[in-house]
Structures are given as C-alpha cells and as structure tokens.
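**Q** Residue numbers (the numbering used here): 45 to 220.
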Amino acid sequence: MRREATRRDVLDCIPKPCIAGSNPAEGAEFDGTGYFDAEDPAKSYLQLTIQAASIDTRNADRDGHLRGNDFFDMEQYPEITFSSTSVEQVDSENYRVTGDLTIKGVTKPVTVDFEYTGAAVDPYQNQRIGLEGKATINRKDWDVNWNAALEAGGVLVSEKVTLEFDVSAIRTADTA
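(1) Just checking V188 against the ligand FAD - is the residue's beta carbon closer than 8 Å to any of the ligand's heavy atoms?
(2) If you reduce the DSSP assignment to three classes, tell me which class R102 lands in.
(3) By Cβ distance, which residues of its chain are closer than 7 Å to K148, with the 5 residues on each side in sequence left out?
(4) Which of the three DSSP states is assigned to R215 in this structure?
(5) State whether the region 127–143 contacts the region 158–165, with contact taken as three or more CB pairs (one from each stretch) at a distance under 8 Å.
(6) Give the straight-line distance between the Cα atoms of G65 and W190, rounded to the nearest whole angstrom.
(7) Whose CA, out of E176, D166, V205, I173, lies closest to the CA of K184?
(8) Provide the residue span of the beta strand (DSSP E) that contains G198, from first to last.
(9) When DSSP builds the beta bridges, which residues end up paired with K204?
(10) Return the residue from the list S212, A104, T125, A192 that minimises the CA-CA distance to D166.
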C-alpha cells in the first residue's frame, strides 16, 4: 500500500538499528520517537537512544571488548544517541535525515539517507510505515580508536562503520 503524498502522517517511530560491518552488531535495548509529516517533511524528526551495554554481536568476548574502554566505554558513556536536526524529501521514495550522533560523549553531524519501503495496517489495526536508512561514518571521529595489526598486514577493525536503520513507524492513538 502506498502512502498518500498529500496526507499528513504523525507517527511514533520504533527504530531497529544495526551497527554493521564484517561483524554486525545490534543495539538490543533502544528507545526511539519521531514525528513524520508527509506534507511538510521539514517538520519531521527522529530521536534514538541505544543502551551501549546492549550491543550484541553474538560473540560474548567481542561484546565485552566493545563495551569496554577500547570502544564504547559504556561505564562512562552508557548511551549512544541520534537526534535529527533536519529532514528533507529527496524524491517520492527517499528522505535525507541529518542529525547529531553522540558516541562516547562526542557529538558530530551525520546524514542518513532513508528509503520509504511501504505502508500497511497490521493485524492489530495499527497503521505503519517502513523506512530503511544507511550512513557510513569514521569511528575515529567519535574517539573509538582501538585497533590491532594483523600478521598478514592491515588492521583488524576498519575505521569505516556502516549504520543501518530499519524503522517501523506506528501511528499513535493520540495522533490518529
């Protein structure tokens, strides 16, 4: 089902982030809210908080390392946040969301390109829309610097990290 471009949609967003690379990690504990206005996307926003301790790569040793001082230092910085500062419609299917990403107390602007993936009414009669987004960042810009040299040359961890967002936005009762 297609979303009507002229219809105003106010939605509560439930994002499902994935910090991806050769070893994908998911933020299992997160909270997100948003507002989407199809008539005027500039009025839209997205806010996301991931609990750093919940990052899960399905490898306990690696997860422990990621939670420690070498990477996310979750004792001192328990949350990773993204707060949009602007939303623009690129074309009928694509949106560009720029916002502030905070990791380890360092806040930098990031632009995420989202693709509208559809709308539907779920079995519980909730109106939903889907968006998928992706952005690549340099982790060192957020003071995530640890690495190890490999015997064959190169390093263990890439400086580039791809952030992937799979958003299922649900219209809330107070906005219907």
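Don't be surprised by glycine CBs; every beta carbon is placed ideally from N, CA and C.
**A** Checking against the coordinates, here is how it stands:
(1) The ligand FAD is not part of this structure, which contains no ligands at all.
(2) coil
(3) F116, D117, Y121, W186, D187, V188
(4) coil
(5) yes
(6) Residue confidence for G65 is low, a pLDDT of 42 falling below 50, so the modelled location carries little weight and cannot support an answer.
(7) V205
(8) Counting along the chain, G198 falls outside any beta strand (DSSP E), and DSSP gives it neither H nor E.
(9) N182
(10) S212
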